[in-house]
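Asker: Would you mind keeping the following structure in view while I ask a few things?
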Amino acid sequence: MSSIKQSILKKLYPFIRKAAKNTRNGVVITNNQNIAPTTSLYDLEVVLSGGSILDMVDLKGKKILLVNTASDCGYTGQYEELQALHETAGDKVAIIAFPANDFGMQERKDDASIQAFCKTSYGVTFLIAKKGIVRKKAEQQPIYRWLTDKSQNGWNNHAPDWNFGKYLINEEGLLTHYFGPSISPVENDVLLTVH
């Protein structure tokens, strides 16, 4: 169930995204040299919101879009766009949302409430991880440690700038892109690399 604040943010999302396009939230970072990871992403696992374990090796051969999310953010409208991408990309792309309260205290819900909010407000059917920390801290989720540490992923130290930062992994487990929060998952920049 959406709160009044969430309903307002959903309506304001296109304006927020456009206004932030030329800021750090509009950054796109690319692995132009195809630098391979030193540690395999496929050795990691993700705890999903219901408590089950996803072995990343099960996604080998697919592109993977990893997105840190929050329910009370100006970018929360991207859930709808992520769902549209999930529906059009089918089995070629796995999308995993990583709810986090790291930016502006905008994800205060528990896992069950986050799952219900995403399902009822945006019809989300893609994977949602257990709520955790995505910023560079001692408690950072292992997959985000891999994404933000070039000694593991081969080239990138860039942590999420805000909620809805997006990391793209190719079919071979290579981190290829980071898309800032104001880059829509259905923009050409993302669609061309995902499809």
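Numbered according to our numbering, the sequence shown spans residues 2 to 196.
Think of the CB as a built atom: it goes at the ideal place given N, C-alpha and C, for glycine as much as any other residue.
(1) For residue 52, is the classification buried or exposed, using 16 other Cβ atoms within 10 angstroms of its Cβ as the cut-off for buried?
(2) Three-state secondary structure (DSSP) at residue 87?
(3) State whether the stretch 116-123 contacts the stretch 24-43, with contact taken as three or more CB pairs (one from each stretch) at a distance under 8 Å.
(4) Could you check the C-alpha separation between residue 37 and residue 116 for me, to the nearest Å?
(5) Looking only at its chain, what residues have a beta carbon closer than 6 Å to the beta carbon of residue 76, apart from the 5 residues adjacent to it on each side?
(6) Can you give me the C-alpha to C-alpha distance between residue 169 and residue 127, rounded to a whole angstrom?
(7) What are the boundary residues of the beta strand (DSSP E) that residue 69 is part of?
(8) Which whole-angstrom value is the C-beta distance of residue 185 and residue 108, which I expect to be below 8 Å?
(9) Could you give the residue range of the beta strand (DSSP E) that holds residue 167?
(10) Starting from residue 177, trace the beta strand (DSSP E) both ways and give me its first and last residue.
(11) Counting C-beta neighbours from all protein chains within 10 Å, is the total for residue 62 16 or more, i.e. buried, or is it exposed?
(12) Helix, strand or coil: which one does DSSP assign to residue 30?
(13) Tell me, to the nearest whole angstrom, how far the beta carbon of residue 180 is from that of residue 130; I am working on the premise that it is less than 8 Å.
(14) Using the rule of at least 16 other Cβ atoms within 10 Å of the residue's Cβ for burial, across every protein chain shown, is residue 142 buried or exposed?
Answerer: To lay it out plainly:
(1) A residue is called buried when at least 16 other Cβ atoms come within 10 angstroms of its Cβ; residue 52 does not meet this threshold and is exposed.
(2) Residue 87: helix per DSSP, three-state reduction.
(3) No, the stretch 116-123 does not touch the stretch 24-43.
(4) If you take the alpha carbons of residue 37 and residue 116, they lie about 34 Å apart.
(5) Excluding sequence positions up to five before and after residue 76, its CB lies within less than 6 Å of the CB of 164, 165 and 182, all in the same chain and listed in chain order.
(6) Going by the C-alpha atoms only, they are around 15 Å apart.
(7) Taken as a continuous stretch (DSSP letters only), the beta strand (DSSP E) holding residue 69 covers 64-70.
(8) A Cβ-Cβ distance of about 20 Å is found for the pair residue 185 and residue 108, leaving them out of contact under the 8 Å criterion.
(9) In this chain, the beta strand (DSSP E) harbouring residue 167 covers 167-170.
(10) Looking at the DSSP string, the run of the beta strand (DSSP E) that includes residue 177 is 176-180.
(11) Counting C-beta atoms within 10 angstroms of its own C-beta, residue 62 has fewer than 16 neighbours from the protein chains shown and is therefore classed as exposed.
(12) In this structure, residue 30 counts as strand in the three-state DSSP scheme.
(13) Not a contact, Cβ separation roughly 18 Å.
(14) Counting C-beta atoms within 10 angstroms of its own C-beta, residue 142 has 16 or more neighbours from the protein chains shown and is therefore classed as buried.
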